[in-house]
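Asker: To get our numbering, take the position in the sequence shown, counting from 1, and add 140.
C-beta atoms are modelled at their ideal positions from N, C-alpha and C, and glycine is treated no differently.
Below you will find the structure I want to go over with you.
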Amino acid sequence: MQRLGWMLCAALLVAGVAGAQDKPLDRPPIVLGLHADMSSGSAMAGEAVRRGALLAISEINGQGGLLGGRKLELVVRDHHGVPARAESQLPELADMPNLVAVLGGLHGAAFLTSLPYIHRRQLVFMGTWASTKELIDHGETPSYTFRVSAQDSLVGEFLVSKALKPGRTQLGLLLERSAWGRSNEKAMSEALARRKLTPAGVQWFNWADENMDAQVAALERMGAQAILLVANAPEGSNAIKSMARRPQDKRVPLYAHWGLSGGSFVAMAGPALSEVELSVFQTFSFVGAKDKRTQDFLTAYHQMFGTTRAEDISAPVGTAHAYDAVWLLALAIKKAGTTDRPKVRDALEQLGPHKGLIRTYQPAFTPTRHEALELSDYQLTTFTSEGVLVPSAP
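As structure tokens, this is what we get:
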């Protein structure tokens with residue numbers, strides 16, 4: 141009888157173990173961080189990146205997650221675009237259990253001073269907007285910074301090529317006084333030099349400057365036939381207002397970097413926007429896109445965020461970049477077979493082809509190239525009367 145009791149207990153124990161094996165174990169999430177301005181002048185860009193990341197995460201988790209069923213999770217930290225704040229917040233992210241990578245937002249300056257810390261802590265950094273060249277081209281080895289976004293040296297070449305129309309040789313530069321502005325001054329000047337030209341003049345402004353009448357007038361006196369503008373939304377809107385205040389025959393076309401599209405630029409510029417000729421650099425537009433991947437994305441976007449049109453997507457490049465970036469990180473985690481950050485870093489350099497929203501990556505990165513996008517991905521856009529950026533006519 142006693143022997144029968146032991147046998148029954150053993151059978152129940154085996155059954156219990158088998159049942160536990162059949163039941164999925166609760167496994168910790170795989171964490172991605174988003175470190176961006178979520179509440180200041182470029183909060184629209186931060187929110188766009190968050191939405192793109194959430195849509196990719198939803199798809200990946202809906203397909204079973206990663207590494208045997210672990211779900212991706214996004215944590216968000218708001219640095220307000222302030223480098224000192226970003227620097228103070230990074231240790232919290234780096235120490236977070238199961239955190240694999242950090243997505244960066246619009247501000248490159250927020251991370252430049254933290255590059256040594258990022259590499260010391262082996263923290264995978266994925267840029268989704270900031271185009272400052274030195275975020276990737278910094279000399280740290282092995283490099284832990286990658287980017288699905290534009291790069292200023294190429295943006296300079298692109299904007300110069302578009303602004304130098306027949307009969308136009310004198311371009312003025314109106315630039316934010318920051319690492320980003322200096323990066324663009326160098327890129328634009330080099331692009332002009334390749335054409336045996338120099339800037340007609342260079343004028344600078346500071347964050348929160350409310351009036352740029354003096355800078356715009358100075359560039360006019362220097363003979364600028366068009367102006368290359370490097371500004372975020374608040375200062376960009378003030379530059380537009382200053383140009384609109386000029387006599388109509390003194391207003392010259394502006395070709396803007398994309399920073400102004402990361403905030404409430406249209407509302408801040410107001411009626412002045414319709415009084416100037418403005419073209420804006422972008423890498424992607426949902427408007428008019430017909431391919432199935434984009435249409436599927438738009439369906440999911442509308443369901444998650446309650447919109448109805450492609451035109452309703454604010455700061456679309458941030459959304460598209462983040463969506464592609466999270467998918468590339470997921471593929472690297474899958475390839476590495478682990479969340480170990482050095483191994484994920486290595487895997488990012490060894491990915492195969494991947495069809496994203498912006499392009500088919502062939503591949504996105506290599507051991508010698510951590511930039512996923514190319515000059516061929518760049519496009520010029522203009523604002524419609526509704527304040528929506530749409531691709532310019534060829």
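Distance, Cα to Cα, L233 vs K390?
Answerer: As a working note, residue 233 is residue 93 in the sequence shown. As a working note, residue 390 is residue 250 in the sequence shown. Across the structure, L233 and K390 are spaced so that their CA atoms are roughly 50 angstroms apart.
Asker: According to DSSP, which residues form a beta bridge with E316?
Answerer: As a first step, residue 316 must be located in the sequence shown, where it is residue number 176. The partner list for E316 (beta bridge, DSSP) reads F345.
Asker: What residues match up with L413 in a beta bridge as DSSP calls it?
Answerer: Position 273 of the sequence shown, counting from 1, holds the residue named residue 413. In the DSSP output, where bridge partners are listed per residue, L413 has none listed.
Asker: In terms of residue numbering, what span does the alpha helix (DSSP H) encompassing D292 cover?
Answerer: As a first step, residue 292 must be located in the sequence shown, where it is residue number 152. Unbroken alpha helix (DSSP H) run through D292: D292 to A303.
Asker: From this set, Q229, V240 and L239, which residue's C-alpha is nearest A250's C-alpha?
Answerer: Within the sequence shown, numbered from 1, the residue matching residue 250 stands at position 110. Minimum Cα distance to A250 is reached at Q229.
Asker: Roughly how many angstroms lie between the CA atoms of W269 and L359, to the nearest whole one?
Answerer: By 1-based counting over the sequence shown, the position of residue 269 is 129. By 1-based counting over the sequence shown, the position of residue 359 is 219. Rounded to whole angstroms, W269 to L359 spans 29 angstroms at the Cα level.
Asker: Less than 7 angstroms between the beta carbons of Y518 and F298, yes or no?
Answerer: Along the sequence shown, read from residue 1 onward, the residue named residue 518 stands at position 378. Along the sequence shown, read from residue 1 onward, the residue named residue 298 stands at position 158. Their beta carbons are under 7 angstroms apart, which means Y518 touches F298 by this criterion.
Asker: Apart from the five residues on each side of it in sequence, which residues of its chain come closer than 7 angstroms, Cβ to Cβ, to A533?
Answerer: Counting from one through the sequence shown, the residue named residue 533 turns up at place 393. The answer is none, since no qualifying residue turns up.
Asker: Scan the segment 237-272 and note each continuous beta strand (DSSP E) run of 3 residues or more that stays entirely inside, going in chain order.
Answerer: Within the segment 237-272, the complete beta strand (DSSP E) runs of at least 3 residues fall at 239-244 and 264-267.
Asker: Put I170 into one of helix, strand or coil per three-state DSSP.
Answerer: Taking the first residue of the sequence shown as 1, we reach residue 170 at position 30. DSSP places I170 in strand when its eight states are reduced to three.
Asker: Which term fits G341, buried or exposed, when burial requires 16 or more other beta carbons within 10 angstroms of its beta carbon?
Answerer: In the sequence shown, counting from the first residue as 1, residue 341 sits at position 201. Answer is buried; the Cβ neighbour count reaches 16.
Asker: Can you tell me which of the three DSSP states A188 falls into?
Answerer: Reading the sequence shown from its first residue, position 48 is the one you call residue 188. It is helical.
Asker: State the start and end residues of the unbroken beta strand (DSSP E) segment that holds R287.
Answerer: The count along the sequence shown starts at 1 and reaches residue 287 at position 147. Looking at the DSSP string, the run of the beta strand (DSSP E) that includes R287 is T285 to R287.
Asker: What residue range is occupied by the uninterrupted alpha helix (DSSP H) comprising I380?
Answerer: As a position in the sequence shown, residue 380 is number 240, starting the count at 1. A373 to A384 is the span of the alpha helix (DSSP H), which, as asked, contains I380.
Asker: In terms of alpha-carbon separation, which member of L313, F286, A319 and H220 lies closest to D464?
Answerer: Residue 464 sits at position 324 when you count from the first residue of the sequence shown. Measuring from the Cα of D464, the nearest candidate turns out to be F286.
Asker: Roughly how many angstroms separate the alpha carbons of T508 and T281, rounded to a whole number?
Answerer: One-based indexing of the sequence shown puts residue 508 at position 368. One-based indexing of the sequence shown puts residue 281 at position 141. Taking the straight line from one Cα to the other gives about 11 angstroms.
Asker: Opposite Y395 in the DSSP bridges: which residues?
Answerer: On the sequence shown, residue 395 is found 255 positions in, with the first residue counted as 1. Partner(s): L368 and S419.
Asker: For L469, which residues in the same chain have their Cβ closer than 8 angstroms to its Cβ, ignoring the five residues on either side in sequence?
Answerer: Numbered from 1 along the sequence shown, position 329 holds the residue referred to as residue 469. L172, V240, A241, V264, M266, V484 and L488.
Asker: Going residue by residue through the segment 415-474, where are the continuous beta strand (DSSP E) segments of at least 3 residues, counting only ones entirely within it?
Answerer: 418-422
Asker: With D480 as the anchor, note down where its beta strand (DSSP E) starts and where it stops.
Answerer: As a working note, residue 480 is residue 340 in the sequence shown. Under the DSSP assignment, D480 falls outside any beta strand (DSSP E); it carries neither an H nor an E label.
Asker: DSSP three-state call for F405: helix, strand or coil?
Answerer: Your numbering for residue 405 matches position 265 in the sequence shown. Here F405 sits in helix by DSSP.
Asker: By the DSSP assignment, the beta strand (DSSP E) with R217 in it spans what residues?
Answerer: The count along the sequence shown starts at 1 and reaches residue 217 at position 77. Here the beta strand (DSSP E) through R217 covers L212 to D218.
Asker: Pull up the distance between the alpha-carbon of I128 and that of Q262, whole angstroms please.
Answerer: This structure cannot settle anything about residue 128, because the visible part of the chain is limited to 141 through 534.
Asker: Roughly how many angstroms lie between the CA atoms of L337 and M328, to the nearest whole one?
Answerer: Taking the first residue of the sequence shown as 1, we reach residue 337 at position 197. Taking the first residue of the sequence shown as 1, we reach residue 328 at position 188. Near 11 angstroms, if we compare the C-alpha coordinates of M328 and L337.
Asker: Quick one: using the 10 Å Cβ neighbour count with 16 as the cut-off for buried, is R335 buried or exposed?
Answerer: Locating residue 335 in the sequence shown gives position 195, where the first residue counts as 1. Exposed, by the Cβ-count rule.
Asker: Find the nearest neighbour of A407 within the set I380, F426, Y395 and R433, judged by alpha-carbon distance.
Answerer: Mapped onto the sequence shown, residue 407 falls at position 267. Ranking I380, F426, Y395 and R433 by Cα distance to A407 puts I380 first.
Asker: Would you mind sorting W467 into buried or exposed? The rule is 16 or more other CB atoms within 10 Å of its CB.
Answerer: Against the sequence shown, residue 467 aligns to sequence position 327. Per the 10 Å Cβ criterion, buried.
Asker: Round the Cβ separation of K273 and S293 to the nearest angstrom and send it over; I've been treating them as touching at under 8 angstroms.
Answerer: The residue you call residue 273 lines up with position 133 of the sequence shown. The residue you call residue 293 lines up with position 153 of the sequence shown. Indeed, because the Cβ distance is near 5 angstroms, the residues count as touching under 8 angstroms.
Asker: Return the chain-ordered list of same chain residues with a C-beta closer than 6 angstroms to the C-beta of E417, the five sequence neighbours on each side being excluded.
Answerer: Looking up residue 417 in the sequence shown gives position 277. The beta carbon of E417 sits closer than 6 angstroms to those of P393, all from its chain and outside the five residues before and after it, given in chain order.
Asker: Using a Cβ-Cβ cut-off of 6 angstroms (strictly less than) and excluding sequence neighbours within five positions of N346, which residues of its own chain qualify?
Answerer: Residue mapping note: residue 346 aligns to position 206 of the sequence shown, counting from 1. Cβ neighbours of N346 beyond the five flanking positions: R317.
Asker: Cutting at 7 angstroms between CB atoms, please list the residues of its own chain near N378, excluding the five before and the five after it.
Answerer: Along the sequence shown, read from residue 1 onward, the residue named residue 378 stands at position 238. These residues qualify, in order along the chain: D349, E350, N351 and M352.
Asker: Where does E511 sit, in a helix, a strand or coil, going by DSSP?
Answerer: In the sequence shown, the residue the question calls residue 511 occupies position 371. Note: E511 maps to strand in three-state DSSP.
Asker: Please name the residue, chosen from L311, I200, A319 and V420, that lies closest to G363 on a Cα-to-Cα basis.
Answerer: For the purposes of this step, residue 363 is taken as the residue at position 223 of the sequence shown. Ranking the options by Cα distance to G363, first place goes to L311.
Asker: Indicate whether H259 and R217 have their beta-carbon atoms separated by less than 7 angstroms.
Answerer: Locating residue 259 in the sequence shown gives position 119, where the first residue counts as 1. Locating residue 217 in the sequence shown gives position 77, where the first residue counts as 1. Contact: no.
Asker: Taking just the CA atoms, how far does A354 sit from S454?
Answerer: Taking the first residue of the sequence shown as position 1, residue 454 is located at position 314. Taking the first residue of the sequence shown as position 1, residue 354 is located at position 214. Straight across, the Cα-Cα distance linking S454 with A354 is about 31 angstroms.
Asker: Starting from the Cα of G296, find the closest Cα among V189, W398 and N238 and give me that residue.
Answerer: For this step, residue 296 is matched to residue 156 along the sequence shown. Closest by alpha carbon: W398.
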